[in-house]
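Trainee:
Residue numbers (mature numbering (1 follows the signal peptide of the UniProt record, and there is no 0)): -22 to -1, 1 to 318.
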């Protein structure tokens, strides 16, 4: 029979693995050592003003809370760091540190040795340190394994893409080689024709038969290629008509005042007519339809909402929004949308 301590260890590993699989992805992203920009690190960890979670740095557990700072504030001299991970590392290395506070705008990290409470501070992140624990080491190791697995899957996808590209290049090379061979055969035939002098009728007959067979083969090859191209054209026309029908359905549904939401590709958008957002946009361009505008928003991870103007065909993408949008005035021929 296994010792009781071994059984408890295996039980703990099973529970820790389950918890690691249920842990929110923000925690691993926040405390991972990466080269992301400070703003990207902040947006990933704090998609909402009250976001919170836990993570591990140097065997210490840290609880992060967006929009808070310690009370009292702590030391007055800041440390210049570029991420939540770096600020937590400074606190982990300081035995007296109770919490760290990170400001992504200026890359500042303050350490606190005595904290009795907290206070709201937008754009700051509070990092409260807990004591070391062997169990925490196991949980941290499980998370690192999960991150390594994700990295491996990403690398595998990249290698698959490179393999497909190499196959495509190989096929192109094969096609080019065949064309060169055909051109060589034609050149050889022309050379033989030019070098031919007085030949008897039998030689001319054989040459004519050979040329006829070659021409007949080329004719069949051309007809086969023509049929294939016609089939590809028919397929392309069918796909184009299906796409245009989908775009027409989307535009008709958007203009229907009874429609409150609509699916564009894999994304569902909530619709708000004659409204707009009061926050700053990060990108604008001319768009021929609401479908094209919403497709551009779906392709950008930072897009949190859009405004489309039917009068001037303008598309505005926003990184922050209000749901529902703020109504400061009525905007005819304007519709706002928020991805759900």
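Even for Gly, the Cβ is constructed at its ideal location relative to N, Cα and C.
Taking only the alpha-carbon atoms, compute the straight-line gap between residue 246 and residue 240 and give it to the nearest angstrom.
Mentor: 6 angstroms
Trainee: Report buried or exposed for residue 100, applying the criterion of at least 16 other Cβ atoms within 10 angstroms of its Cβ.
Mentor: exposed
Trainee: Are the Cβ atoms of residue 314 and residue 263 separated by less than 9 angstroms?
Mentor: no
Trainee: Looking only at C-alpha atoms, which of 291, 243, 293, 33 sits nearest to residue 276?
Mentor: 243
Trainee: Does the beta-carbon distance from residue 309 to residue 253 come in below 9 angstroms?
Mentor: yes
Trainee: Any idea if residue 64 is buried or exposed, counting beta-carbon neighbours within 10 angstroms, 16 or more meaning buried?
Mentor: Residue environment analysis places residue 64 among the buried positions, since at least 16 neighbouring C-beta atoms fall within 10 angstroms of its C-beta.
Trainee: What does the alpha-carbon distance come out to for the pair residue 159 and residue 180?
Mentor: 28 angstroms
Trainee: Suppose contacts are defined by Cβ-Cβ distances below 9 angstroms. Is residue 46 in contact with residue 97 by that definition?
Mentor: yes
Trainee: So that I know if they touch, is there some Cβ in chain D lying closer than 9 angstroms to that of residue 142?
Mentor: Among the chains in the structure shown there is no chain D, since it carries only a single protein chain.
Trainee: Hey, how far is the Cα of residue 183 from the Cα of residue 190?
Mentor: 10 angstroms
Trainee: Quick test of your reading: residue 9 and residue 108, contact by CB under 8 angstroms. State the CB separation rounded to the nearest angstrom.
Mentor: That pair is no contact at about 13 angstroms.
Trainee: Over the uninterrupted beta strand (DSSP E) stretch that includes residue 293, give me the two end residues.
Mentor: 292 to 296
Trainee: Note down the Cα distance separating residue 55 from residue 21, rounded to an integer number of angstroms.
Mentor: 25 angstroms
Trainee: Note down the Cα distance separating residue 296 from residue 77, rounded to an integer number of angstroms.
Mentor: Near 34 angstroms, if we compare the C-alpha coordinates of residue 77 and residue 296.
Trainee: Between 106, 298, 60, which lies nearest to residue 321 when the distance is taken from Cα to Cα?
Mentor: Outside the displayed range of the chain (-22 to 318) lies residue 321, so it cannot be described from this structure.
Trainee: Assign residue 48 to one of two classes, buried (16 or more other C-beta atoms within 10 Å of its C-beta) or exposed (fewer than that).
Mentor: Residue 48 is classed as buried because its beta carbon has at least 16 other beta carbons within 10 Å across all chains shown.
Trainee: Taking DSSP as the reference, what is the three-state secondary structure of residue 206?
Mentor: Three-state result, residue 206: helix.
Trainee: Note down the Cα distance separating residue 41 from residue 33, rounded to an integer number of angstroms.
Mentor: 7 angstroms
Trainee: Put residue 182 into one of helix, strand or coil per three-state DSSP.
Mentor: Helix, per DSSP.
Trainee: Cβ of residue 44 within 9 angstroms of Cβ of residue 27?
Mentor: yes
Trainee: DSSP on residue 24, reduced to helix/strand/coil?
Mentor: coil
Trainee: Residue 19: buried (16+ other C-beta within 10 angstroms of its C-beta) or exposed?
Mentor: With 16 or more other CB atoms across the displayed protein chains lying within 10 angstroms of its CB, residue 19 is buried.
Trainee: Roughly how many angstroms lie between the CA atoms of residue 141 and residue 318, to the nearest whole one?
Mentor: 36 angstroms
Trainee: How far does the alpha helix (DSSP H) with residue 87 in it reach, from first residue to last?
Mentor: Taken as a continuous stretch (DSSP letters only), residue 87 belongs to no alpha helix (DSSP H), being part of the beta strand (DSSP E) at 86 to 90.
Trainee: Output yes or no for whether 9 angstroms exceeds the beta carbon distance between residue 36 and residue 67.
Mentor: yes
Trainee: What are the residues that DSSP puts in a beta bridge with residue 106?
Mentor: 41, 77
Trainee: Using the Cβ count rule (16 or more neighbours within 10 Å means buried), how would you classify residue 121?
Mentor: buried
Trainee: Determine, using beta carbons only, whether residue 299 and residue 312 come nearer to each other than 9 angstroms.
Mentor: By the CB criterion at 9 angstroms, residue 299 and residue 312 fall outside the cutoff.
Trainee: Can you look up residue 137 in the DSSP assignment and give me helix, strand or coil?
Mentor: Note: residue 137 maps to helix in three-state DSSP.
Trainee: For the alpha helix (DSSP H) that residue 268 lies in, which residues bound it at each end?
Mentor: 268 to 276
Trainee: Quick check on residue 17: does DSSP put it in helix, strand or coil?
Mentor: For residue 17, the secondary structure class from DSSP, reduced to helix, strand or coil, is helix.
Trainee: Please go through the region 238 to 263 and give each complete beta strand (DSSP E) segment of 3 or more residues, from N-terminal end onward.
Mentor: 239 to 242, 245 to 251
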